[in-house]
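Take a look at the structure below.
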Amino acid sequence: MGNCTQMKTAILSLLVLASPAFALTDKEFNDVLRAIRVVESNNNPDAVGDNGNAIGVYQIWRTYWTDATEFSGIGGTYRDCFKPKYADKIVRAYMKRYATKRRLGREPTQEDIARIHNGGPNGYKKTATLKYWDKVKAVLNRDR
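So that you can map any letter, position 19 of the sequence shown is 67 in my numbering, and since no number is skipped, the others follow by simple counting.
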């Protein structure tokens, strides 16, 4: 009986760990990532901005890349962020680390995703990221 309970607990734990960090639908999450790419670089994989500090379609900084790769096991190099598929993995790993119900105290929204991308782990609380969210929201609304 004890082994059965332990097995159920182990399976439930694995299911929780495997579940997404956010309650957005796949479409909502993909839509906000697409809008972020448009705002950041107009989907240009060769884009370099912020005086050379930000690269690729998402304009990823080295510190963001380090945060995303630190626990995700993605591997690669910072310059791989010029590759859109790799950059997408980086952003998803970053959000899995920082855009979580546990951190935010509620289910993350598209706004949270955009503001964390722009302002770092606590970007969702920073007034400085509100204008950025307005830009992302405009792209989302335009494409609906």
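Glycine is no exception: its CB is placed at the ideal position from the N, C-alpha and C atoms.
None of these values were measured; they are calculated from a predicted model.
Paired residues, beta bridge with residue i - DSSP
i, result
"Ile103", "Val96, Ile108"
For residue i, the first and last residue of its enclosing alpha helix (DSSP H)
i, result
"Arg85", "74-89"
Cβ pair residue i, residue j closer than 9 Å
i, j, result
"Ile103", "Tyr134", "no"
"Pro156", "Ala71", "yes"
"Pro93", "Lys131", "yes"
"Arg145", "Phe119", "yes"
Any non-hydrogen atom of the ligand GDP closer than 8 Å to residue i Cβ
i, result
"Asn91", "Ligands are entirely absent from the displayed structure, and the ligand GDP is therefore not among its contents."
I'd like the ranges of any alpha helix (DSSP H) spanning at least 4 consecutive residues and lying wholly in the region 103-186. For the region 103-186, whole alpha helix (DSSP H) runs of length 4 or above, ordered along the chain, are 110-120, 132-146, 149-152, 158-167.
At a cut of 8 Å, does the region 72-85 reach the region 151-164 through at least three beta carbon pairs? yes
So does the region 109-119 actually touch the region 129-139, counting three or more Cβ pairs closer than 8 Å? Touching, yes.
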